[in-house]
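Engineer: In my numbering, the protein residues as written are 74 to 334. Here's a structure for you.
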């Protein structure tokens, strides 16, 4: 059985799919956008997805760092843009694309990382505006997805949705996770497990957990709470995703929504 997926990280949903279908599935990941077919997983043991560099799309890569993006994830006026032969494996880049359909140096909004430069293989690590770094922990959506996937396997849970916000209470910085799970689970144990996975995945996070980042907590909610919120926002359907990082107006709306639940 083949399952072709794309548009959102499949890791948080994998446990639920395998429980539902009851047998192993062959997964094929794709990277599509309105602007074009950007990449695909061309073989099962591929490290990532191969860029579609022969489909009339010209790629440029902007290092995703403080030199090229501000604290809100907005690109600076004259960013450093690299061509494919100039990139390095293991570093995050924002994609600029130009196409024969008329897009010109368009910032697609995703961040990618080369895992095999020779074969032009990438993984999607997040969005330029979806990252959490309140004290320098530089937590990407890729880190979050991997942590959720690992704890899902460890606890044998299905966690189809989640969102994270930064907190500053009486000068105590922390992260507050909202996790969708219809099974019984101890939120304290889940917070501890997520924290341990992130410490192993992200060196900056590990350093800040010893200093400024003092508190990690988890609120477990039923899956329908997340779906009801998206419906209330008029964003039901395959093209809409629950935000992994909760900031600004969406955070205010979310807090009001769950308080009234």
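Note that beta-carbon positions come from the ideal geometry of N, C-alpha and C, so glycine has one too.
Would you kindly report the start and end of the unbroken alpha helix (DSSP H) that includes residue 216?
Structural biologist: Within the chain shown, residue 216 is the residue found at index 143, counting from 1. Unbroken alpha helix (DSSP H) run through residue 216: 214 to 228.
Engineer: Who are the Cβ neighbours of residue 254 in its own chain at under 6 Å, not counting the five residues just before and after it?
Structural biologist: For the purposes of this step, residue 254 is identified with residue 181 of the chain shown, where counting begins at 1. Here the set comprises 230, 232, 293.
Engineer: Look at the alpha carbon of residue 86 and the alpha carbon of residue 273, and state the distance between them as a whole number of angstroms.
Structural biologist: Taking the first residue of the chain shown as 1, we reach residue 86 at position 13. Taking the first residue of the chain shown as 1, we reach residue 273 at position 200. Approximately 22 Å between the Cα atoms of the pair.
Engineer: Can you tell me whether residue 334 is buried or exposed, with buried defined as 16 or more other CB within 10 angstroms of its CB?
Structural biologist: Taking the chain shown and counting its residues from 1, one reaches residue 334 at position 261. Flag for residue 334 reads exposed.
Engineer: Return the CA-CA distance between residue 78 and residue 99, expressed in angstroms with no decimal places.
Structural biologist: Start at 1 with the first residue of the chain shown, and residue 78 comes out as number 5. Start at 1 with the first residue of the chain shown, and residue 99 comes out as number 26. Cα to Cα, residue 78 sits roughly 11 Å from residue 99.
Engineer: For the putative contact between residue 167 and residue 137, defined by C-beta atoms under 8 Å, what is the C-beta separation to the nearest angstrom?
Structural biologist: As a position in the chain shown, residue 167 is number 94, starting the count at 1. As a position in the chain shown, residue 137 is number 64, starting the count at 1. Indeed they touch by this definition, with Cβ atoms about 5 Å apart.
Engineer: In this structure, does DSSP put residue 179 in helix, strand or coil?
Structural biologist: Residue mapping note: residue 179 aligns to position 106 of the chain shown, counting from 1. If DSSP states are grouped into helix, strand and coil, residue 179 belongs with the strands.
Engineer: If residue 186 and residue 163 are in contact, beta carbons under 8 Å, what's the gap, nearest whole angstrom?
Structural biologist: For this step, residue 186 is matched to residue 113 along the chain shown. For this step, residue 163 is matched to residue 90 along the chain shown. Yes, residue 186 and residue 163 are in contact; Cβ-Cβ is about 7 Å, under 8 Å.
Engineer: Is there at least one non-hydrogen atom of the ligand FMN closer than 7 Å to the beta-carbon of residue 194?
Structural biologist: With respect to small molecules bound, the structure shown includes none, and the ligand FMN cannot be examined in it.
Engineer: Can you find at least 3 beta carbon pairs, one from the region 193 to 210 and one from the region 281 to 299, that sit closer than 8 Å?
Structural biologist: They touch, by the three-pair rule.
Engineer: Alpha helix (DSSP H) containing residue 85: first to last residue?
Structural biologist: Taking the first residue of the chain shown as 1, we reach residue 85 at position 12. Taken as a continuous stretch (DSSP letters only), the alpha helix (DSSP H) holding residue 85 covers 84 to 94.
Engineer: What does the alpha-carbon distance come out to for the pair residue 188 and residue 195?
Structural biologist: In the chain shown, residue 188 corresponds to position 115, counting from 1. In the chain shown, residue 195 corresponds to position 122, counting from 1. Their Cα atoms are separated by approximately 6 Å.
Engineer: Our contact map puts residue 181 next to residue 131 with C-beta atoms below 8 Å; I'd like the distance itself, whole angstroms only.
Structural biologist: Taking the first residue of the chain shown as position 1, residue 181 is located at position 108. Taking the first residue of the chain shown as position 1, residue 131 is located at position 58. About 13 Å separates the two Cβ atoms, so there is no contact after all.
Engineer: So what does DSSP say about residue 148, is it helix, strand or coil?
Structural biologist: For the purposes of this step, residue 148 is identified with residue 75 of the chain shown, where counting begins at 1. Here residue 148 sits in strand by DSSP.
Engineer: Taking only runs of the beta strand (DSSP E) that begin and end inside the region 257 to 298, which ones reach a length of at least 3 residues, in chain order?
Structural biologist: The region 257 to 298 contains these whole beta strand (DSSP E) runs: 286 to 294.
Engineer: Report yes if the CB atom of residue 329 is closer than 8 Å to the CB atom of residue 298, and no otherwise.
Structural biologist: On the chain shown, residue 329 is found 256 positions in, with the first residue counted as 1. On the chain shown, residue 298 is found 225 positions in, with the first residue counted as 1. Not closer than 8 Å, so no.
Engineer: In chain order, what residues of the same chain lie with their CB nearer than 7 Å to the CB of residue 258, ignoring the 5 residues before and after it?
Structural biologist: Against the chain shown, residue 258 aligns to sequence position 185. The residues are 228, 230, 293.
Engineer: Just to confirm my understanding: we take residue 134, look at its own chain, exclude 5 residues before and 5 after, and list those with CB closer than 6 Å. What are they?
Structural biologist: Taking the first residue of the chain shown as position 1, residue 134 is located at position 61. If we look at residue 134 and ignore the five residues flanking it on each side, its Cβ neighbours are 155, 160, 166.
Engineer: Locate the beta strand (DSSP E) running through residue 139, then write down its first and last residues.
Structural biologist: Looking up residue 139 in the chain shown gives position 66. Segment: none, residue 139 is in no beta strand (DSSP E) and carries neither H nor E.
Engineer: For residue 281, count neighbouring C-beta atoms within 10 Å of its own C-beta (all shown protein chains included) and say buried if the count is 16 or more, exposed if not.
Structural biologist: Taking the first residue of the chain shown as 1, we reach residue 281 at position 208. Looking at its Cβ environment, which holds 16 or more other Cβ atoms inside 10 Å, residue 281 is buried.
Engineer: Taking the alpha-carbon of residue 177 as reference, which of 95, 108, 250, 325 has the nearest alpha-carbon?
Structural biologist: Taking the chain shown and counting its residues from 1, the one referred to as residue 177 is at position 104. Among 95, 108, 250, 325, the Cα nearest to that of residue 177 belongs to 108.
Engineer: Compute the Euclidean distance between the alpha carbons of residue 245 and residue 179, then round it to the nearest angstrom.
Structural biologist: Position 172 of the chain shown, counting from 1, holds the residue named residue 245. Position 106 of the chain shown, counting from 1, holds the residue named residue 179. So the alpha carbons of these two residues sit roughly 39 Å apart.
Engineer: Can you give me the C-alpha to C-alpha distance between residue 96 and residue 199, rounded to a whole angstrom?
Structural biologist: The residue you call residue 96 lines up with position 23 of the chain shown. The residue you call residue 199 lines up with position 126 of the chain shown. The alpha-carbon atoms of residue 96 and residue 199 are separated by roughly 29 Å.
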